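Below is one structure, written out as structure tokens, with a few remarks after it.
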Amino acid sequence: MKLKIATVISFLFCSILLSAQQITVSGTVKEGATGEPAIGVTVLVKGTSNGTVTDMDGNYSLPNVPNDATLVFSYIGMQTLEEPVNGRTTINVTLSEDVQALEEVVVIGYGTARKIDLTGSIASVGEDIISRQPALNPLQSAQGKISGVNIVNNDAPGSAPTVVIRGLGTALGGRDPLYIVDGFPVTDIRNISASDIVSMDVLKDAASASIYGVRAANGVILITTKKGQSGKPKVGVESYVGVKNILNKVQMANAQQYIEHYNQNQSMLATPIQLQNASSQPYNTDWYDELIRPGVVTNNLVSVTGGGENVRYYVSYNYYDEDGLLDNQNYRRSTIRNNNEYSFFDNRLKLNQTLNLSFSNEVKKPFGAFNEAYRQSPLVPVHYNNGKWGRPFVNTTTGIVNYEGAPGDVIGSLNSIGNPVYNVAQNNERESVITLQGGFEGEFKITDFLKVNSRFGGTKYYNKNRQFSDIKDGWLSADPARTEAEFLALKEANPTVTSYAVNSLRLKDIETFRWTWEGFATFNKSFNRHNVEAVLGLSREKYGIGYESTLRGYEVPQKPQYWNLSMVSGDYETEVAQFGYTPTAIASYFGRLQYNFDHRYYISAVLRRDGASTFKQNKDYWGTFPSVGLGWTISQEEFMNDVAFIDHLKLKGTWGELGNHNIPLNVSQILTDPGSANMNYVFGAEQNLVYGARFGTPAMDLSWEVTREWGFGVDYTFMNQRLSGSLDYYNKTNTNAILLINPVLNSTFEGQFYDHGAKVRNAGIEFSIGWSDQLANGLTYEIGANYSYNKNQVLEVRDTYNGAIGGSLADGQISKRLQDGQPLYAWWMFEADGVWQTQEEIDNANAVYGTAQPGQLKYKDQNGDGLIDDRDKIYLGSYLPSSNYAVHLNLEYKNFDFGIDGYGVAGNKVYNGLKYGRINGGENIAYETYRNRWTGAGSTNIHPGPNRAPIASSYYLESGAFFRINNITLGYTFNDLVAQGTSLRLYTTAQNPFMFTKYSGFTPEISSDGNPSLTPGIELSAYPTTRNFLFGINLQF
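Numbering (the numbering used here), first residue to last: 1 to 1037.
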């Protein structure tokens, strides 16, 4: 017995010694497909940083390996292999090719396809990108990730981003792409939780998007939400909290600097009013500090997924809460999503159900407050010492900025700018929205190669807006000397006058609907090396406003919970009462044929025919839109077999047509009031000036906007899938863009109307490149970049409409013009030529604008006729960026992950409307303007002095170029924390931490949404870009 025990103990002891012994393991790694040595394969002891890489012959040698260790062999493009050591000193392995990357499947509309089989231009943002960084809106994680797609995020709470794909081709508003969520079109994606999204596929060219016909003229974004997974229930928790603040706070002149500037202005006007020094003034206000507060954002999501062989489910609840930079500004949203999948008869019949229900509540505040904070004098208080709201009153007798004075003192006004803090506090607008989106789809597999699908779904949208106005407080704040007793006396004397009501409430309710039914059949079969897929279907869609009502009542309780019609005292006023608006209906037939031979030669063709009630007064309200695509996978050719570094190389070319019916609803019934806006027009080769007016009139006979696009490109993957990317050229022309025309007086049409008036082209290139690899120490990295260049140009304008103007500023100054050869509504204005220094210089000048004075801007006489008039205005570029670029870097080491990405634009001009008109009128100016302003002859030639007439000119145009670090994220993941399969990831993120730009305003990233002839590209009341710091967790169990 003792001998047996001793034997067992000796065996265990030897086993321990053997397992603790470290050996050197060597061997050779080969590629399974070719049998050739695999160069650069990482060989790592599992769970440690001890590793090496194979040499040029595929050999490796790794010391200090425990006998019971496991070696991990990994290489980009190869399947990772784990091999137990078991005391061996020689281990040879063969790695198989990882075809997962090449087999990547993307959504293409009414189906899916392998990415390598595409002939069109489709880009994807996958779950690996979406899940790694928090997003305040569904598209934020896609910004800068896709070449040719310009995403402008608006950092106001609850706002939607603006998206432009391959340039601006339409001259009217509504140029957003078509959003398809789980097969159904939606108009608003703000009600979708970013955490519910698994992928976004962007159809950029006509050949890819034409399957969606008239809705796809601006591109298509296909959003796929998460589905259920078979197995026991899995719970996911995602949560983050953060703080946001203004990224770029413009430094303004302080109180004493403002006084110096103001007094100089008064001296030039020969006005005796002079302000006393700041030390004598009762108030000194930093309006930005008073106005802006840090905003808190929180996001919490809980999801459950699971199911069996025939039933799978995904359920999630998301609560999102975001504060704005302005006091009491916030957006709150609750979202419930349920996606279920059912299968019957050995998966021959599949039923899918999607449902998304969201409730949002938003407290809106006026963005104009940022503009007012820029302009208002720092001598004006938020509140006077008696608690009443500050106003720009000034005692012109004493030079003290206050509303009080001795008997006989004259009380005037510094400016006409309001109190931004008051305006935020008194703007009480609340909006609640209920959105129900969902649908059902059935798929029946008739044979192994033929299936039919039918889907029905839609969106129901309820919007309730309440605007509360405190009339009494507004009356009192207009003059601090007023008393509440005076107001009540006026109210009693004028019981029927609404301007003396205590308050008012505006109630606006809107209900909209959209439903879609589609049925299609899919044939997919291979005959030897011939692969064919065909889709044939039809679609019906209807959308519109079902109900709209706007009422106004008076004398309601101040608490928001009582803001309803039943609390209105007395009768209410009806502003809008409309039931059953005429809906827009679309009927469509579509087909797609895809063929490839041996996955080498490709051809695809799409034909879509749409009929839209938008053009029901036009006999030709049907449109037919074809497209075709060709592809050649060169890497599949036999002569490429010896080119080992090429994994995939494909040439492709496409041509297609798209229609656009996205014009204002019932535009043919629109009549504007017959008022007029007088303006100058410049016509003809001799640039004759015509003084005219514009009026309102019905629209003319309209039809489709038709966009024709052709392009070609190359997709590539090299070096065992470590290097990949694409290069594309496109040429897209809107052949008959619809314009809002403002004809001159006494023309054929004496009114403002819509008509086909121009041909607009967008042509450009898109380039993307990425490199991914793994180092010997286990560090995996991926770096990439993309660049796109787009030239927007008006090719033709109908003679009647050439020279149409727009971009009117607040004082009627025109800043844009439609002209062939120029970008769409290019900047058109005087070119500033420095500052007039002396009266003698003005007297000796060849040409002077108006009654010039020293210190004012001077303008170039472009045609040398001795006059400065509209003939001297020139084109000065576009507000649309010509270049967009982005870079990113992702690292993973053991359980750590790190990511950083940046995004930038170039080639555009932004009109700094904040600076416009701020030199005189008692308004404040930026410190940079103050420091470099004209103060006398020879002082500066950069900024004018006070008392200059503001004219739209190149002085206010600044480069809109910028580069911004979008995101920096650092995370750590705990795997198998509680049990196998559980994980906890902790991360911290900085969003928009840095921006590099020469622009002097709040942000050069101005939305391009809206009619390009109006305000896009002009910063007047834009919401500033915010810098956000977040901390979050992702828990899976």
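Glycine residues also receive a C-beta, built at the ideal position from the N, C-alpha and C atoms. All of these numbers come straight from a predicted model, not from anything done at the bench.
Taking residue i as the reference, give the member of the options with the closest Cα.
i: Glu1005; options: Thr112, Asn248, Ser195 and Glu97; result: Asn248
i: Ile968; options: Pro823, Thr717, Tyr903 and Gly390; result: Tyr903
i: Tyr110; options: Phe523, Leu891, Thr89 and Gly47; result: Phe523
i: Asn245; options: Phe994, Ile292, Gln140 and Gly236; result: Ile292
i: Gln793; options: Gly784, Ile814, Ser768 and Ala826; result: Ala826
i: Lys491; options: Ala481, Ile603, Pro233 and Leu476; result: Leu476
i: Phe896; options: Asn975, Gln22, Asn884 and Ile942; result: Asn975
i: Tyr500; options: Phe513, Glu486 and Leu507; result: Glu486
i: Asn428; options: Val401, Ala489, Gln437 and Leu507; result: Leu507
i: Val65; options: Arg88, Trp771 and Ile39; result: Arg88
i: Gly855; options: Arg540, Asn465 and Gly938; result: Gly938
Report all residues from its chain with a CB closer than 6 Å to the CB of residue i; omit the five preceding and five following residues, and keep chain order.
i: Thr94; result: Lys30 and Gly32
i: Thr396; result: Ile273, Val410 and Gly412
i: Gln991; result: Asn967 and Asn1028
i: Tyr75; result: Val41
i: Ala217; result: Leu658, Asn660 and Thr707
i: Tyr320; result: Asn299 and Arg333
i: Leu593; result: Ala534 and Ala605
i: Gly236; result: Ser303 and Gln1036
i: Asn596; result: Asn531 and Tyr602
i: Leu984; result: Phe974, Leu977 and Leu1035
i: Ala906; result: Ser883 and Ala961
Using 7 Å as the cut-off, classify the Cβ of residue i as near or not near the heavy atoms of the ligand ZN, replying yes or no.
i: Ile738; result: The ligand ZN is not part of this structure, which contains no ligands at all.
For residue i and residue j, what's the separation of their Cα atoms in angstroms?
i: Phe625; j: Tyr875; result: 35 Å
i: Asn361; j: Leu630; result: 49 Å
i: Ala737; j: Tyr955; result: 31 Å
i: Val214; j: Val164; result: 17 Å
i: Asp833; j: Lys860; result: 6 Å
i: Trp622; j: Asp610; result: 6 Å
i: Tyr572; j: Pro557; result: 15 Å
i: Ser334; j: Thr459; result: 17 Å
i: Pro134; j: Val302; result: 15 Å
i: Leu651; j: Leu727; result: 10 Å
i: Leu723; j: Ile783; result: 10 Å
i: Tyr787; j: Asp68; result: 49 Å
i: Gln837; j: Ser193; result: 59 Å
Assuming residue i and residue j are in contact, meaning their beta carbons sit under 8 Å apart, how far apart are those beta carbons, in whole angstroms?
i: Asn731; j: Trp704; result: The pair is not a contact, with the Cβ atoms about 20 Å apart (cut-off 8 Å).
i: Gly324; j: Lys365; result: 7 Å
i: Asp872; j: Asn863; result: 6 Å
i: Gln912; j: Gly1001; result: For clarity, residue 912 is Asn in the given sequence; the question names Gln instead. Going by Cβ atoms, the distance from Asn912 to Gly1001 rounds to 5 Å, so yes, they are a contact pair.
i: Phe359; j: Ile434; result: 6 Å
From the DSSP output, which residues share a beta bridge with residue i?
i: His943; result: Arg933
i: Lys249; result: According to DSSP, which records beta bridges pairwise, Lys249 is partnered with nothing at all.
i: Met200; result: Val125 and Ile223
i: Arg540; result: Trp517 and Ala587
i: Lys464; result: Ser432 and Asp509
i: Ile545; result: Thr512
i: Arg592; result: Val535 and Val606
i: Phe712; result: Gly653 and Tyr729
Give me, in chain order, the residues of the same chain whose beta-carbon lies closer than 8 Å to that of residue i; leave out the 5 immediate sequence neighbours on both sides.
i: Pro381; result: Pro282, Tyr283, Thr285 and Gly390
i: Lys909; result: Trp827, Leu876, Gly877, Ser878, Tyr879, Leu957, Glu958, Ser959, Gly960 and Gly1017
i: His261; result: Ala253, Ile925, Tyr930, Arg933 and Pro946
i: Ala940; result: Ala is not the amino acid found at residue 940; the sequence shown has Thr there. Result list for Thr940: Val835, Asn932, Arg933 and Trp934, in chain order.
i: Ser569; result: Gly553, Tyr554, Glu555 and Val556
i: Leu565; result: Leu507, Leu551, Gly553 and Tyr572
i: Arg132; result: Asn890, Asp897, Gly899, Thr969 and Gly971
i: Ile122; result: Val106, Ile108, Lys115, Asp201, Val202, Leu203, Lys204 and Ser208
Below 7 Å CB to CB, which residues in the same chain sit around residue i once its five sequence neighbours on both sides are set aside?
i: Tyr789; result: Gly764, Ile765, Ser882 and Ser883
i: Glu126; result: A small fix is needed here, since residue 126 is Gly in this sequence, not Glu. For Gly126, where only same-chain residues beyond five positions count, the Cβ hits under 7 Å are Ser199.
i: Ser484; result: The sequence given here places Glu at residue 484; Ser does not occur at that position. These residues qualify, in order along the chain: Leu476.
i: Leu81; result: Phe73, Val93 and Leu95
i: Glu796; result: Ala758, Lys759 and Asp820
Quick one: is residue i near chain C, going by C-beta distance under 8 Å?
i: Gly219; result: Among the protein chains of the structure shown there is no chain C, as only one such chain exists.
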